[in-house]
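When you read off a place in the sequence shown, starting at 1, and then add 44, the result is the number in our numbering.
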Amino acid sequence: MAAASEHTVLQFVAPSSTATATTSVLTARIHPLVIFNVCDCFVRRPDSAERVIGTLLGSILPDGTVDIRNSYAVPHNESSDQVAVDIDYHHNMLASHLKVNPKEIIVGWYSTGAGVNGGSALIHEFYAREVTNPIHLTVDTGFTNGEGTIKAFVSSNLSLGDRQLAAQFQEIPVDLRMVDAERVGFNVLKATSVDKLPNDLEGMELTMERLLTLINDVYKYVDSVVEGQTAPDNNIGRFIADAVASLPKLPPQVFDDLVNDSLQDQLLLLYLSSITRTQLSLAEKLNTAAQML
Numbered sequence: 045m046a047a048a049s050e051h052t053v054l055q056f057v058a059p060s061s062t063a064t065a066t067t068s069v070l071t072a073r074i075h076p077l078v079i080f081n082v083c084d085c086f087v088r089r090p091d092s093a094e095r096v097i098g099t100l101l102g103s104i105l106p107d108g109t110v111d112i113r114n115s116y117a118v119p120h121n122e123s124s125d126q127v128a129v130d131i132d133y134h135h136n137m138l139a140s141h142l143k144v145n146p147k148e149i150i151v152g153w154y155s156t157g158a159g160v161n162g163g164s165a166l167i168h169e170f171y172a173r174e175v176t177n178p179i180h181l182t183v184d185t186g187f188t189n190g191e192g193t194i195k196a197f198v199s200s201n202l203s204l205g206d207r208q209l210a211a212q213f214q215e216i217p218v219d220l221r222m223v224d225a226e227r228v229g230f231n232v233l234k235a236t237s238v239d240k241l242p243n244d245l246e247g248m249e250l251t252m253e254r255l256l257t258l259i260n261d262v263y264k265y266v267d268s269v270v271e272g273q274t275a276p277d278n279n280i281g282r283f284i285a286d287a288v289a290s291l292p293k294l295p296p297q298v299f300d301d302l303v304n305d306s307l308q309d310q311l312l313l314l315y316l317s318s319i320t321r322t323q324l325s326l327a328e329k330l331n332t333a334a335q336m337l
């Protein structure tokens, strides 16, 4: 795909607080796997590329929220006056993903950088032909503000009569959903520098420390309510009762054995997923090399 910029004028982003009520997308819900994929593609980009772009996959929830669960990079070249996207590669990758998970659809595209630029309107125009009202996700891998800022936008056309004047990008709220174990890796990516990457056991240790802190907070709250220092809250009481009721009533040794067995299963899954990622990465590199040849 190639398009000249003289036909499209880019109006830079309006804050989410000024987004119009006609914006059909309320929130972009992003799973951590998408952010990890974007960062991985940016690290492995060609030396001549300033940024990477790719396709976002997911689903549209009944309330209008876009649930972004997966992504893949798309080769492209861009200059000051035109953008070229490898459409064949995009369609081949989409067909491969649909074979694995046919319920996922195209919901938008991503790019690395601090925000939108002149080429973003041209690329967004291409994805607007693939899906209605696509999401544009930006990940600041350059740490412009000291951390990897993540933003999401939707585009609307500004027209004068029958003539289209500009493409206006409006920022929408981003809901980054992750569990504590995933947050460990995400915090590492957000930092500009780290002493070392935590391994699986260190990540689990941080998660267990966080769990112990939450349990201590519950103990303090219950003691405070019993002693009359804090007014009781029925909603909090029900949550605590549900949490206690979810624990199995087993002898300590049996419970320890179940936890150890579950831990071994989790470690096995991590090992298998690591092998799968390696095979997919190798297959992607071979496929990219074959496309270039």
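We treat Cβ as the ideally placed atom computed from N, Cα and C, and that holds for glycine.
{"query": "Note down the Cα distance separating VAL53 from GLY162, rounded to an integer number of angstroms.", "result": "Unreliable positioning characterises VAL53 in this predicted model, as indicated by a pLDDT of 37, which lies under 50. The coordinate reading is nonetheless provided below. So the alpha carbons of these two residues sit roughly 8 Å apart."}
{"query": "Counting Cβ pairs, one atom from each stretch, are 3 or more of them under 8 Å apart for the region 71-87 and the region 134-143?", "result": "no"}
{"query": "Alpha carbon to alpha carbon, how far is ASP125 from ARG95? Give it in angstroms, no decimals.", "result": "16 Å"}
{"query": "Quick one: using the 10 Å Cβ neighbour count with 16 as the cut-off for buried, is ASN316 buried or exposed?", "result": "Residue identity check: residue 316 is Leu in the sequence provided, not Asn. Exposed, because fewer than 16 other Cβ atoms sit within 10 Å of the Cβ of LEU316."}
{"query": "Quick one: is the Cβ of ALA165 within less than 8 Å of any heavy atom of the ligand ZN?", "result": "As for the ligand ZN, it is missing from this structure, which has no ligand bound."}
{"query": "I think SER115 touches TYR154, with their Cβ atoms under 8 Å apart; what is that distance to the nearest whole Å?", "result": "6 Å"}
{"query": "I need the straight-line Cα distance from LEU291 to ILE284, nearest angstrom please.", "result": "11 Å"}
{"query": "So HIS180 and ALA158 are in contact, right, with Cβ under 8 Å, and what is the actual spacing, rounded?", "result": "Wrong, their Cβ atoms sit about 13 Å apart, outside the cutoff."}
{"query": "How many angstroms separate the CA atom of SER92 from the CA atom of ASN260?", "result": "52 Å"}
{"query": "At which residues does the alpha helix (DSSP H) containing HIS135 begin and terminate?", "result": "131-144"}
{"query": "Quick check: the Cα distance between ILE167 and GLN310, rounded to an integer number of angstroms?", "result": "40 Å"}
{"query": "Does the beta-carbon of GLU50 have 16 or more other beta-carbons within 10 angstroms, so that it is buried, or is it exposed?", "result": "Only weak support exists for where GLU50 lies, its pLDDT of 40 falling under 50; the value from the coordinates is given anyway. Classification for GLU50: exposed."}
{"query": "If GLY152 sits next to TYR171, beta carbons under 8 Å apart, how far is it from one beta carbon to the other, in whole angstroms?", "result": "6 Å"}
{"query": "Would you please state the rounded distance, in angstroms, between the beta carbons of THR182 and PHE86? I believe it to be under 8 Å.", "result": "The pair is not a contact, with the Cβ atoms about 12 Å apart (cut-off 8 Å)."}
{"query": "Just mark ASN243 as buried or exposed, buried being the case when its beta carbon has 16 or more other beta carbons within 10 Å.", "result": "exposed"}
{"query": "In terms of residue numbering, what span does the alpha helix (DSSP H) encompassing VAL96 cover?", "result": "It is not in any alpha helix (DSSP H) - VAL96 carries neither H nor E in the DSSP assignment."}
{"query": "Does LEU326 come out as helix, strand or coil in the three-state DSSP assignment?", "result": "helix"}
{"query": "Using CA atoms only, rank isn't needed, just tell me which of ASP84, GLU215, LEU258, VAL78 is closest to LEU100.", "result": "VAL78"}
{"query": "Ends of the alpha helix (DSSP H) at HIS75?", "result": "Run containing HIS75: none; DSSP gives neither H nor E here."}
{"query": "CB VAL198 to CB PRO217, shorter than 9 Å?", "result": "no"}
{"query": "Please state whether DSSP places PRO59 in a helix, a strand or coil.", "result": "Confidence in PRO59 is poor, its pLDDT being 39 and thus under 50, which makes the residue's placement unreliable; the coordinate value appears in the next sentence. Note: PRO59 maps to coil in three-state DSSP."}
{"query": "Closest to GLU215 by C-alpha separation, out of ALA287, ARG227, ASP107, THR193, would be which residue?", "result": "THR193"}
{"query": "How long is the line joining the alpha carbons of MET137 and VAL118, rounded to whole angstroms?", "result": "9 Å"}
{"query": "Drop a sphere of 10 angstroms on the beta-carbon of ALA165, count the other beta-carbons inside from all chains shown, and report buried for 16 or more, exposed for fewer.", "result": "buried"}
{"query": "Starting from ARG113, trace the beta strand (DSSP E) both ways and give me its first and last residue.", "result": "110-118"}
{"query": "What residue range is occupied by the uninterrupted beta strand (DSSP E) comprising ASN183?", "result": "The amino acid occupying residue 183 in the given sequence is Val; Asn does not appear at that position. It spans 179-183 - the beta strand (DSSP E) in which VAL183 sits, taken as one unbroken run."}
{"query": "Please confirm whether GLY98 and VAL82 have their CB atoms less than 9 Å apart.", "result": "yes"}
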